[in-house]
Structure formats: structure tokens, C-alpha cells
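One point on numbering: in our numbering, the residue at position 31 of the sequence shown is 591, and numbering is uninterrupted. We put the CB at the ideal spot given by N, CA and C, even for glycine. Written below as C-alpha cells is the structure these notes are about.
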Amino acid sequence: MTRTKYMYLISALIVLLLASACGNQSNNELDATATPITKPENEATGDQAADTDSDKKILIIIDQTEKPIEGNSFDFVVEQLSEGFALAEMQWVSKENQIINSVQVAIEHGASGGDGFYISGDGQFTGFFYPDAMKGEKGQVVFVFKNEQGKELTWKKEITLK
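Here is the structure:
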């Protein structure tokens, strides 16, 4: 009889775990820094004669809502990107600091929890950890995307670290 109770308990816990892992964060919690940026505000390099405005759309959402973790951070999600381009570099640029991380360094930070940009091992979570001394700092977050032909697209946004 106890074995049956344990089986039901374990089954219920597995269902609960699976159900909680499938939830999505609602968009009403996102910071108002979600901005679609098109060609006039992006910088692109390389041969652009054949490119159209629709090929240059980038949408990145930056989320600075408080999280139940220790430390300071913001999350970002690349929602829309021109086909063939991939994230190459992430930057924080202000009067006080300039932090430039490649994707490889961000993956290392995702594993170690170090300050700077991070990408979790499976790429599910992306963001920027910063020390208390940087709180209130106004600057620019910059994302550089590259394709196989060497063309670059750059997305920039002015924010204040919370």
C-alpha cells in the first residue's frame, strides 16, 4: 500500500515539475525598452547595394525587472534578426566603463557567473551581470551581428542600469 502512495506522489511531482517548466513569462513584466530598430538607426558595413530595409530589421528586448537573485543584471532576448546573421559581440559603453564580450566569453560567463554579458549553456538565458558600483550608470548597450560574408549589423540602445 505504501508503495502505491509513493508512486502517486512521484508521479504528481513529475507532472508538477513538467508543468512549471513550460510556463512563459508574461510581456507585461518586460521593461519598456523593447524597441524595433530598422536600417536608419542601425549601422551596417559591407556591400549593401542589394540589401533592402526589410532585411535590416532587428528587435531586441531588454528586461530590467528585479529578479529574485543576488547581484545586478538585465536580460535580453533577440526577437527578430535578418536571416543569415548571428550574434558576434555584446558591448556596454559608458563614460565610466567599456565592456566588450564575444559570444565565447559570454558562454564562459554563463558557466561561471562572472560579471559581463552571459549566455547560458543551452542559450536559453542571456543577459548582463554588473557590480553594485555600476548601478545608476547611463550608457549604451550595443549588439553586433555578422554573417558569413563579413557584413555587420549593429543595434544600440541607451539605458540606465537599475
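Three-state class that DSSP yields for residue i in the structure shown
i, result
"I629", "coil"
"G699", "strand"
"S672", "helix"
"Q640", "strand"
Sequence-distant residues of its chain with Cβ nearer than 8 Å to residue i (five each side left out)
i, result
"A666", "M650, G676, F677, Y678, I679, T686"
"Q658", "Q651, W652"
"V637", "I620, I621, D623, T686"
"D692", "N632"
Assigned exposure category for residue i - 16 Cβ within 10 Å defines buried
i, result
"Q624", "buried"
"I622", "buried"
"G699", "buried"
"G673", "exposed"
Spatial neighbours of residue i in its chain, beta-carbon cut-off 7 Å, leaving aside the 5 residues before and after
i, result
"A671", "G681"
"K706", "F645, A646, A648, E712"
"A634", "The sequence as given places Phe at residue 634; Ala does not occur at that position. Same-chain partners within the cutoff: I622, D623, Q624, G687, F688."
Range of the contiguous beta strand (DSSP E) that encloses residue i
i, result
"Q694", "Looking at the sequence itself, residue 694 is Met, so the reference to Gln does not match. Here M694 belongs to no beta strand (DSSP E), and DSSP marks it neither H nor E."
"D623", "618 to 623"
"S662", "658 to 662"
"S654", "646 to 654"
"L713", "712 to 720"
Own chain, CB closer than 6 Å to residue i, minus 5 neighbours either side, in chain order
i, result
"E718", "Q700"
"M694", "L721"
"K716", "Q700, V702"
"H669", "G676, Y678"
"Q664", "none"
"I660", "Q651"
(message) Assess contact between the stretch 652 to 660 and the stretch 624 to 635, defined as three or more Cβ pairs (one per stretch) separated by less than 8 Å. Is contact present?
(response) No, the stretch 652 to 660 does not touch the stretch 624 to 635.
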